[in-house]
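Note that the sequence shown covers residues -19 to -1, 1 to 372 in mature numbering (1 follows the signal peptide of the UniProt record, and there is no 0).
For each residue, glycine too, the CB sits at the ideal point set by N, CA and C.
Just below is one structure, and these are the notes that go with it.
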Amino acid sequence: MKALAVLPLLLGLGWPGFAKVDDFDNCPEFFLGSVQIWKNRYRHICQTYSGNVKMFATLYSTDHRIPLFSAYKYQDDLGVPRPSLVWKIEPQLVKNTYGGDMMTVTELRQHDQNLDKKDVEKSQAVNEDYDGSFYVKGHLAPVCHRASKQDKECTFTLTNAVPQHPGFNSYSWRDREVKVKEYIKKHCLPVNQQVDAYLMAGAVPGSSSIKRFATNGMVLSDSTCPRRIPKEGYEEGWLIYDSVTKTQLIVDRQEKPLSGGKLVAVARNEDGRVIHKDGRLWFWSKIWDLGQGQDFTKMSSGVNIPKYLWGAFCCRITVAGKTDWFSKAHVGDNDEDGDVTELSVAELEKKLAKDYNLQPFTIFDGKCKDLQSSIYQYQSAASAAKKQKVG
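Spelled out as structure tokens, the structure:
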């Protein structure tokens, strides 16, 4: 009877379209040259949004619950502000009879009232996996390489995001995305007045997963910077706000709670440091007991923390009077130092074939020459000191 009750709802709302998660045959336009398929190991998603409009392509690992790469075409930024919205999921990873447009879990429930969220979690990450986590949702296909409001919104799907160290996400990897964007706009030749550039960005799984924290009467700080709050009687206070429990806590610069309670646990940072980086205050995720005396629980979410991220682009460039397809690639360590190394696409392919255990692994089907000029590299002072000490 339940199935009959849901049927009118399904027929009434309808599905916004059927994207395919079996192969990339429906979205070859995001790849330069032939496309590799790994049907037995991973899901191949033609990402669609807003009425089955194809946006980009993603190779997804349901075992790791993260994407291995997203492939897309560059779009000139039209000056549209970065959207603020709820992250979406891929319905067809849950059930292949669902519609293909990315949507939120709430929107999916409007189509299927019997949806069990555990079925969603078996196939992919959900927002709750990041609640109270030290790591942030890091885009593979980034917002800054997209044009319109719709183009930017479509990047906010958890099948296009991996857990990133907040410093790496906001500094060196973000800088790399911007530098690549600037280079493409300046040097890549257009086709029909549109920049013609192919890009891929991916992540290599690491050896651990992010942990999920249950609040149980406690306040979890977000992984972003808390807001400074000058308050009478307090020297310098910081407002910690938990978007899940809708509660807040004021702490001083030494992280001592000023509104009652005590710090009982530190997630992902054993010594409880307050990090100052480039003059900006960073709070690692923490849990404060508000006085209820309840215990907190911690469990593995199964969402893998990547060891490193990689990115590559290829476009037509005129060098020394000759026009050809040229490429450049980067890899970045997903840690506090966040070093980014520049390399050729051929070198990256060799590295990924080994680390993914996918033989062979090609990015642009061998159609691009290595660009000799450097675009962006980053080595932190800490990494440089370590290497100097080893040497």
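Residues 56, 57, 58 and 59 of the same chain have their beta carbon placed closer than 7 Å to that of residue 128, with the five preceding and five following residues left out of the count.
Shown here for residue 158: same chain residues with a beta carbon closer than 8 Å to its own, the five before and five after excluded, namely 123, 125, 126 and 292 in chain order.
The beta-carbon separation of residue 178 and residue 296, rounded to 4 Å, stays under the 8 Å limit for a contact. The Cβ-Cβ distance between residue 184 and residue 139 does not fall below 8 Å. According to the DSSP assignment, residue 348 belongs to no beta strand (DSSP E), since it is labelled neither H nor E.
Judged by DSSP in its simplified three-state form, residue 27 adopts strand. In this model, residue 9 and residue 2 are separated by some 13 Å (Cα to Cα). Rounded to whole angstroms, the Cβ separation of residue 326 and residue 344 is 5 Å, and the two are in contact under 8 Å. In this structure, residue 141 sits away from residue 62, with a CB-CB distance that is not shorter than 8 Å. Relative to the Cα of residue 27, the nearest Cα in the group 114, 192 and 72 belongs to 72. Between the alpha carbons of residue 5 and residue 181 lies a distance of about 14 Å. Around residue 143, the same chain offers 47, 119, 184 and 287 as residues with beta carbons nearer than 6 Å, after the five sequence neighbours per side are excluded. Exclusion of the five residues before and after residue 131 leaves 30, 31 and 34 as the residues of its chain whose Cβ lies within less than 8 Å of its Cβ. Per DSSP, residue 115 has no beta bridge partner at all.
If you check the CB distance, residue 315 and residue 115 do not come in under 8 Å.
It is roughly 53 Å from the alpha-carbon of residue 90 to the alpha-carbon of residue 300.
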